[in-house]
Amino acid sequence: MNERENNQLRLVALCRRMVDLWSEEDITDLRDAISEEEKKQNKLTLYGKLFSKSNVNFQAFTNTMKRAWKTDSVKCELIELGFFSFIFQSSEEKRRILESGPWSFVSNLLVLKEGDLNIPEHCYEFMRYAFWVHFIGLPRARVTEDAIRFIVSRLGKVEEIKIEARSNNSRKNSKAKVLLNLFSPLKTGSVINCGDKKWWIDYKYERLPHFCYSCGQTGHYANFCTEIPYEETGLAQDQPGRFGLWLKVEVREVSPYWKTFYGQLELSASDEEVVMETQTEATETPVRTVKDEPNTMVIVPVQHKEAKKMSKIRGQS
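In structure tokens, the structure reads:
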């Protein structure tokens with residue numbers, strides 16, 4: 020159902036509820052009641068909502084995002100807990116921030132939306148966000164825009180596709196920017212049918228915020244999962260989960276599904292097919308803030324215990 024159809028259904032429901040208290044003549048036409056100044060400001064505005072934890076220190080949040088975005092000129096306003104507006108000095112700066120995401124605060128995804136003059140603030144939808152997804156294990160001849168578009172259609176709406184040649188050889192790598200439903204489990208990979216053979220390919224995500232190793236949804240860890248009790252997952256005993264750190268593009272380890280299909284523990288250097296992560300002008304490591312003294316903020320990295328377990332398994336610090 021598109022936005023227009025949804026709006027019509029809301030209107031029908033209102034008519035039925037109000038019966039004779041309302042008629043078409045009661046509609047107020049505001050289509051021309053927007054000043055040029057409002058139009059200009061709207062073009063410079065982004066709305067943002069923290070996907071999971073909304074109760075954060077506004078000043079710490081503002082300072083952190085300004086550092087991450089490398090701008091002091093953005094005007095941040097708190098609309099309600101976890102919901103903000105950002106007014107930039109130029110449309111170029113706004114576009115840079117929007118395209119170089121996703122962004123996180125304390126490992127909490129900040130979902131950004133462009134301002135729309137015709138949408139009330141309480142009606143913005145923050146259920147979806149775009150991530151770069153890499154496809155590991157495609158046959159060389161299948162690394163084409165048409166093939167990637169077909170694979171991506173199973174994940175969500177495709178916004179952009181990149182196919183890049185490797186240096187010093189003819190092999191190509193692929194990734195796509197995909198609009199994902201944040202309330203659905205992350206897709207770990209898929210089986211592709213190449214005619215006489217079928218193969219498994221892994222999916223890896225750029226700048227993935229914290230997610231659940233049990234249910235695969237972003238926004239919480241496995242020990243806080245309401246769908247699958249933590250004691251039933253086996254994660255505390257270092258048993259592999261259905262989801263894991265290997266979904267992140269910066270982690271070289273392959274998925275357990277890859278290992279099952281190919282009977283191979285790791286990708287060799289020649290088999291690894293990861294396009295270089297999309298470069299941004301500012302990449303902010305998920306942080307937490309610690310107050311040592313009044314008005315003093317110390318920024319330190321955060322690593323969840325699940326990630327620490329995976330690091331120990333791989334022999335990494």
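The numbering used here puts the first residue of the sequence shown at 20, with every later residue one more than the last. For every residue, glycine included, the Cβ atom is placed at its ideal position computed from N, Cα and C.
Check: Can you tell me where the alpha helix (DSSP H) with Ser110 in it begins and where it stops?
Finding: According to the DSSP assignment, Ser110 belongs to the alpha helix (DSSP H) that extends over 110-118.
Next item on the list: Indicate whether Ser104 and Glu112 have their beta-carbon atoms separated by less than 8 Å.
Entry: Cβ distance not < 8 Å, so Ser104 and Glu112 don't count as in contact.
Next item on the list: Would you list the residues sitting across from Gly208 in a DSSP beta bridge?
Entry: Answer by DSSP bridge pairing, in chain order: Asp221.
Item checked: Nearest-angstrom Cα separation, counted from Leu49 out to Ala195 -> Rounded to the nearest angstrom, the two C-alpha atoms are 39 Å apart.
Check: Straight-line CA distance for Glu118 to Ile182?
Finding: Within the model, the alpha-carbon separation for Glu118 versus Ile182 is close to 18 Å.
Check: So what's Val75 in DSSP terms, helix, strand or just coil?
Finding: Collapsing the DSSP output to three states places Val75 in coil.
Next item on the list: Leaving aside the five residues before and after Arg147 along the sequence, list all residues of the same chain whose C-beta is less than 6 Å from its C-beta, in chain order.
Entry: These residues qualify, in order along the chain: Leu198, Asn200.
Next item on the list: In angstroms with no decimal places, state the Cα-to-Cα distance between Arg86 and Arg35.
Entry: Looking at the two C-alpha atoms, the distance is approximately 50 Å.
Note to self: Can you tell me whether Arg147 is helix, strand or coil according to DSSP?
What the structure shows: In the three-state reduction of the DSSP assignment, Arg147 falls in the strand class.
Next item on the list: Take the Cβ of Pro158 as the centre, count every other Cβ of all protein chains shown within 10 Å, and call the residue buried at 16 or more, exposed below.
Entry: Exposure of Pro158 is indicated by the presence of fewer than 16 other C-beta atoms within 10 angstroms of its C-beta.
Checklist line | Neighbourhood of Lys206 by C-beta, 6 Å cutoff - its chain only, sequence neighbours within 5 removed | finding: Excluding residues within five positions, the ones whose Cβ falls inside 6 Å are Leu174, Tyr222.
Margin query: Please report the distance separating the alpha-carbon of Ser209 from that of Ser92.
Written below: Going from the Cα of Ser209 to the Cα of Ser92 covers about 44 Å.
Notebook entry, point to check: Alpha carbon to alpha carbon, what distance is there between Leu65 and Arg114?
Noted result: Distance between the alpha carbons of Arg114 and Leu65 is about 10 Å.
Check: Do you know whose CA, among Phe280, Arg226, Ile211, lies nearest Val171's CA?
Finding: Comparing Cα-Cα distances from Val171 to each of Phe280, Arg226, Ile211, the minimum goes to Ile211.
Notebook entry, point to check: In whole angstroms, what separates the C-alpha of Pro275 from that of Gly260?
Noted result: Rounded to whole angstroms, the separation of the alpha carbons of Gly260 and Pro275 is 9 Å.
Note to self: I'd like to know whether the C-beta atoms of Pro248 and Asn127 end up nearer to each other than 8 Å.
What the structure shows: Asn127 sits away from Pro248, with the two beta carbons spaced by 8 Å or more.
Next item on the list: Tell me whether Asn192 sits in a helix, a strand or coil according to DSSP, three-state version.
Entry: Correct three-state label for Asn192: strand.
Note to self: Tell me which residue opens and which closes the beta strand (DSSP E) that Glu140 is part of.
What the structure shows: For Glu140, there is no enclosing beta strand (DSSP E), as DSSP marks it with neither H nor E.
Margin query: Could you check whether Thr83 and Phe124 sit closer than 8 Å to each other, using their CB atoms as the reference points?
Written below: At a Cβ-Cβ threshold of 8 Å, Phe124 and Thr83 count as neighbours.
Item checked: Expected contact under 8 Å - CB spacing of Gly156 and Trp219 to nearest Å -> Indeed they touch by this definition, with Cβ atoms about 7 Å apart.
Item checked: Glu56: first and last residue of the uninterrupted alpha helix (DSSP H) it sits in -> Where Glu56 is concerned, the enclosing alpha helix (DSSP H) stretches over 55-62.
Note to self: Taking the beta carbon of Gln236 as the centre, do at least 16 other beta carbons fall within 10 Å, making it buried, or is it exposed?
What the structure shows: With 16 or more other Cβ atoms within 10 Å, it is buried.
Next item on the list: For Ile46, name the three-state secondary structure that DSSP assigns.
Entry: DSSP places Ile46 in coil when its eight states are reduced to three.
Margin query: Among Gln108, Glu140, Phe150, Ile98, whose alpha-carbon lies nearest the alpha-carbon of Gly120?
Written below: The residue from Gln108, Glu140, Phe150, Ile98 with its alpha-carbon nearest to that of Gly120 is Phe150.
Note to self: Checking 8 Å against the spacing of the C-beta atoms, do Val162 and Ser193 come in under that value?
What the structure shows: Yes, these two residues count as a Cβ contact at 8 Å.
Next item on the list: Can you tell me which of Ile106, Phe102, Glu225, Trp88 puts its alpha carbon nearest to the alpha carbon of Lys94?
Entry: For Lys94, the closest of Ile106, Phe102, Glu225, Trp88 by C-alpha to C-alpha distance is Ile106.
Checklist line | Cα-Cα separation between Val268 and Phe70, rounded to whole angstroms | finding: Between Val268 and Phe70, the C-alpha separation is close to 21 Å.
Check: What separation, rounded to the nearest whole angstrom, lies between the Cα atoms of Lys278 and Leu266?
Finding: When rounded, the distance between both Cα atoms is 14 Å.
Notebook entry, point to check: If you draw a straight line from the alpha carbon of Cys234 to that of Tyr224, how long is it in whole angstroms?
Noted result: In this structure, the alpha-carbon of Cys234 lies about 17 Å from that of Tyr224.
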